[in-house]
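**Student:**
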Amino acid sequence: MNTVSRRLARFHGMLYISPWMIGFLLLTAYPFFSAIAYSFTNFDLFSLRFVGLRNYIKIFTNDVLFVKSLSVTLRYTVIAVPGKLAIAMILALLLNRTKRFTGFYRTVFYLPSILGGSVALSILWRFLFRPDGLVNSLLAVFSIQAVNWLGDPRIALYSIVLLPLWQLGAPMVLFLAGLKTIPQSLYESAAMDGARRARVFLNITLPMLSPIILFNLVMQTIVILQLFTPAFITTQGGPAHATYLYSLMLYDTAFRDFKMGYASALSWVLFSVILLFTFVLFRSSRYWTYYEQ
Amino acid sequence: LRVSWWGGDSRHQATLDAIEIFESKYPNISIEAEYSGFDGYYQKLVTQLVAKTAPDVFQSDQGWTVEFFNRGDVFLPLEQYASVIDLSTFEDQLLNSYCRMGGHTVVVPLGFNGTVLLYNKDLLAKYGVSGSTEWTWEDMIALGRRIHADNPDAYLFTDITDGYIRFVLKPYLEQVTNRIAVTDDYSVGFSQREMAGVFSFIKELFDSGTAEPYERSVLYKVSVIDNPAWIAGNIGSTLIFLSTIARDTAGLPFEVGVGRLPIRGGAPTTGQESGPSLMFAGYANTAHPKEAAQFINFFVNDPDSILALGTVRSVPANQPALDILNNAGKVDALMASGASISAASMGFPNGALEMNPSVHSIFVQAMEQVIYGQLTPDKAAANLIADLQERLAEMKP
């Protein structure tokens, strides 16, 4: 009896995390690995044949939309990630200095993030950026000519880049936490040396924050490379594929064309791209992050 | 019994009303309605068919019938339930052309659909056009130039992206080639030169100021009723399906009329997309086949259902139902005249592959590249053919 209950006790922990484990195995691990297998087939939900590397060969040699959507996604990421982090940092710096209503301000700036990649938000975007929408109405006040934000292929991508920019709650809170850990003594000695504000920021704040910057950079890059909702709801990838984000192409391949095998291969390529980005960021970080130890 | 369909608000409400009547007449059957817009409906349905969880009765498109039938195990053979479903109210020829596969009736048409030109009477009257709008495409461009030159904010025409494909590109092409764009043997039904001609025409529609700039109309994907320029009365006309006429004219501050779609001089066919487009099908793996058939029968044959539904799926495809509506004065003048105009200028039935979303997207891509000036009509036509051939080869069973 005793040994049995002791043996059971060993599984107590497992029992507690089992809901997560089951979810993870069934909904994450299984699809993740089965996608590798599918990526070597021409699975279309109805029939399945092994095609070797043919899917991957086509992706890299003969798929115009792959090139197009990858380039759209990279451009999107290169603008959205630094943009989002810059704004998050500026807000964190400001919040760090506010003495009153800090809780209120923090909540207000965190709020958009709770809305998540929500559909409602993207629909709101569509209305804001219509030719007769709020943005153009505001511009008209300053006698600026109306812009076709979502219909012009040269502009549409930049209009939807703005969508994730204001959902910066998570990086902002991390920056804020990072700012709080910077020892006050550093600032005091800088003040005694007569350092100017910009100097203090560049030589103290930024280096001390660099590990947090790295973390935010990696996390946000991972999120934004996989972004789907803004393009799907706001522009449906158009006009003329100007906002055809990678995950949207993935969705079309899988659920419009039902080329599940090919879509699996595409998703593994995306995974590799994300891995590559993460790797490069980590490798480069040794030259620009600062740890006190 | 699960029943699914797509549509706009007016169709949803009318269908829900009909279902309520059904439930009160057949208290032993309860209906679970699953309805949505058209976006994603096909994707969801196919996924459900694969997972064998499709609704017992589902709305299907005429263009999907062959595709689903070839996949097998999709459709309930309705004759087997002749005790509860009466198909004799439909003409035999209609059933043969659109509804029978492998010797069975697999789908039941819910309405007879067609393409009509919907025009703003007030605006056109200003330019001396009243009554007849039997245009050729060339007439259209001439008038379009005149309107736009007179008022830079006004255009003769606009449409949603899908409309440009189905009501401009396809009819124009068929009026040239006299056959459908993608034939049922998985091949392309036009030459590069023919398609380049169509693209040049579409380009001219925009270049001449006849059509509202595409970068504006592209924003309103579902219906022209979302387009502020149309609502404001700055657009002379659009091409639509008869079945969406209620939605596309709801609350307009100007008078509208319907006319025939434009036809090239000397064209051998109108290329008009017409015929019974929306269908109900019973699902092959349903646990309640008899009840499913009973519901479909009620939907198309029961006078109370017919009156509740009105013309939310266009005019009924069976004469008795149409008579019931006419007698009750439930077919409005616009719908009635649209139906007769469309019936007088019918084109080919849709091919089995033309409505495939993946094929459709290839057309959209090529057309947009021409409109946005990214490719010449000739190059876009060449790409279109190559892309279609590749995709069709993949789809071929």
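Residue numbers (the numbering used here), protein chains in the order written: chain A, 1053 to 1345; chain B, 871 to 1267.
We put the CB at the ideal spot given by N, CA and C, even for glycine.
Check whether the segment 1103-1123 of chain B touches the segment 990-998 of chain B, counting contact only when three or more Cβ pairs, one atom from each stretch, lie closer than 8 Å.
**Tutor:** Yes, since at least three Cβ pairs between the segment 1103-1123 of chain B and the segment 990-998 of chain B fall closer than 8 Å, the two stretches touch.
**Student:** Taking contact to mean at least 3 C-beta pairs separated by less than 8 Å, is the segment 956-964 of chain B in contact with the segment 934-944 of chain B?
**Tutor:** Touching, no, given that fewer than three Cβ pairs across the two stretches are closer than 8 Å.
**Student:** Can you tell me where the beta strand (DSSP E) holding Gln-913(B) begins and where it ends?
**Tutor:** Counting along the chain, Gln-913(B) falls outside any beta strand (DSSP E), though it belongs to the alpha helix (DSSP H) covering 911-920.
**Student:** If you follow the alpha helix (DSSP H) that Ser-894(B) is in, where does it begin and where does it stop?
**Tutor:** Per DSSP, Ser-894(B) belongs to the alpha helix (DSSP H) from 879-895.
**Student:** Write down every uninterrupted run of the alpha helix (DSSP H) in the segment 948-1031 of chain B whose length is 4 residues or greater and which is fully enclosed by it, in chain order.
**Tutor:** Whole alpha helix (DSSP H) segments, 4+ residues: 962-968, 991-996, 1007-1020.
**Student:** Cβ atoms of Leu-964(B) and His-1158(B): under 9 Å apart, would you say?
**Tutor:** In this structure, Leu-964(B) does not lie closer than 9 Å to His-1158(B) by Cβ.
**Student:** Could you check where the alpha helix (DSSP H) with Gly-1127(B) kicks off and where it finishes?
**Tutor:** Note, Gly-1127(B): premise wrong, no alpha helix (DSSP H); beta strand (DSSP E) at 1126-1129.
**Student:** Mind listing which residues of the segment 1174-1196 of chain A have their C-beta closer than 7 Å to chain B's C-betas, in chain order?
**Tutor:** The segment 1174-1196 of chain A vs chain B, Cβ under 7 Å: Arg-1182, Pro-1183, Asp-1184.
**Student:** Name the DSSP beta bridge partners of Thr-1108(B), please?
**Tutor:** In DSSP, Thr-1108(B) forms a bridge with Leu-988(B).
**Student:** Could you spell out the range, first to last residue, of the alpha helix (DSSP H) harbouring Arg-1260(A)?
**Tutor:** Note that residue 1260(A) is Met in the sequence shown, not Arg. Looking at the DSSP string, the run of the alpha helix (DSSP H) that includes Met-1260(A) is 1258-1277.
**Student:** Using 8 Å for Cβ pairs, my map puts Ile-1133(B) next to Val-986(B). What's the rounded Cβ distance?
**Tutor:** About 13 Å; that fails the 8 Å criterion.
**Student:** Which residues share a DSSP beta bridge with Tyr-1153(B)?
**Tutor:** Its beta-bridge partners are Phe-945(B).
**Student:** To be precise: take each residue of the segment 1282-1298 of chain A, compare its Cβ to all Cβ atoms of chain B, and keep it if any distance is under 8 Å. Which residues remain?
**Tutor:** Listed by position along the chain: Gln-1288, Gly-1290, Pro-1291, Ala-1292, His-1293.
**Student:** Beta-carbon of Arg-1086(B) versus every beta-carbon of chain A: anything under 9 Å?
**Tutor:** At least one chain A Cβ lies under 9 Å of Arg-1086(B).
**Student:** What span of residues does the beta strand (DSSP E) with Ser-874(B) cover, start to end?
**Tutor:** Unbroken beta strand (DSSP E) run through Ser-874(B): 872-876.
**Student:** To the nearest angstrom, report how far apart Gly-933(B) and Ala-1081(A) are at their CA atoms.
**Tutor:** The straight-line gap from Cα to Cα measures roughly 38 Å.
**Student:** Does the distance from the CB of Ile-1264(A) to the CB of Val-1133(A) come in under 9 Å?
**Tutor:** In this structure, Val-1133(A) does not lie closer than 9 Å to Ile-1264(A) by Cβ.
**Student:** With distances taken Cα to Cα, identify the nearest neighbour of Ile-1030(B) among Val-1240(B), Val-1094(B), Asp-879(B), Asp-1118(B).
**Tutor:** With distances taken between Cα atoms, Ile-1030(B) lies closest to Val-1094(B).
**Student:** When DSSP labels each residue in this structure, what does Leu-1148(B) get in the three-state scheme?
**Tutor:** Strand, per DSSP.
**Student:** Measuring straight from C-alpha to C-alpha, what distance separates Ala-884(B) and Phe-892(B)?
**Tutor:** Approximately 12 Å, taken between the alpha carbons.
**Student:** Please report the distance separating the alpha-carbon of Thr-1273(A) from that of Gly-1155(A).
**Tutor:** In a straight line, the C-alpha of Thr-1273(A) is about 28 Å away from that of Gly-1155(A).
**Student:** Given a limit of 7 Å on CB to CB distance, which residues of the segment 935-965 of chain B reach chain A?
**Tutor:** Listed by position, the residues of the segment 935-965 of chain B near chain A (Cβ gap below 7 Å) are Arg-941.
**Student:** Would you mind stating whether Phe-1027(B) and Leu-980(B) have Cβ atoms separated by less than 9 Å?
**Tutor:** No, the pair does not count as a contact, with Cβ atoms beyond the cut-off.
**Student:** In or out: Trp-1005(B) buried (at least 16 other Cβ within 10 Å) or exposed?
**Tutor:** Counting Cβ neighbours within 10 Å, Trp-1005(B) comes out buried, since at least 16 surround it.
**Student:** Helix, strand or coil: how does DSSP classify Phe-1102(A) here?
**Tutor:** Strand.
**Student:** Hey, quick one: how far does the alpha helix (DSSP H) through Gln-1236(A) stretch, first residue to last?
**Tutor:** Gln-1236(A) -> alpha helix (DSSP H) spans 1236-1244.
**Student:** When you compare only the Cα positions, how much space is there between Trp-1100(B) and Leu-1177(B)?
**Tutor:** Between Trp-1100(B) and Leu-1177(B), the C-alpha separation is close to 31 Å.
**Student:** Could you name the residues of the segment 1101-1119 of chain A whose beta carbon sits closer than 7 Å to any beta carbon of chain B, in the order they occur along the chain?
**Tutor:** Under the 7 Å Cβ criterion, the segment 1101-1119 of chain A contributes no residue.
**Student:** Out of Asn-1268(A), Leu-1300(A), Phe-1092(A), point me to the one whose CA is closest to Gln-1224(A)'s CA.
**Tutor:** The sequence shown places Met at residue 1224(A), not Gln. The candidate whose alpha carbon is nearest that of Met-1224(A) is Asn-1268(A).
**Student:** Look at the alpha carbon of Glu-1064(B) and the alpha carbon of Ile-1255(B), and state the distance between them as a whole number of angstroms.
**Tutor:** Roughly 11 Å separates the two Cα atoms.
**Student:** Taking C-beta pairs closer than 8 Å, name the residues in chain A that Val-920(B) reaches, listed in chain order.
**Tutor:** Here the neighbours are Leu-1097, Phe-1098.
**Student:** Going by DSSP, what residue range makes up the beta strand (DSSP E) through Gln-1045(B)?
**Tutor:** Where Gln-1045(B) is concerned, there is no enclosing beta strand (DSSP E), although the alpha helix (DSSP H) it sits in stretches over 1040-1047.
**Student:** Please report the straight-line C-alpha distance between Gly-1136(B) and Val-1038(B), rounded to a whole angstrom.
**Tutor:** Computed Cα separation, rounded: 17 Å.
**Student:** On a CA-only basis, which of Asp-1248(B), Glu-1082(B), Gly-1243(B) is nearest Arg-1206(A)? Give me that one, please.
**Tutor:** The candidate whose alpha carbon is nearest that of Arg-1206(A) is Gly-1243(B).
**Student:** Would you list, in sequence order, the uninterrupted beta strand (DSSP E) runs of no fewer than 3 residues that lie entirely inside the segment 1151-1184 of chain A?
**Tutor:** Entirely contained in the segment 1151-1184 of chain A, not one beta strand (DSSP E) run reaches 3 residues.
**Student:** Applying the criterion that 16 or more other CB atoms from any shown protein chain within 10 Å of the CB defines a buried residue, is His-1064(A) buried or exposed?
**Tutor:** His-1064(A) comes out exposed.
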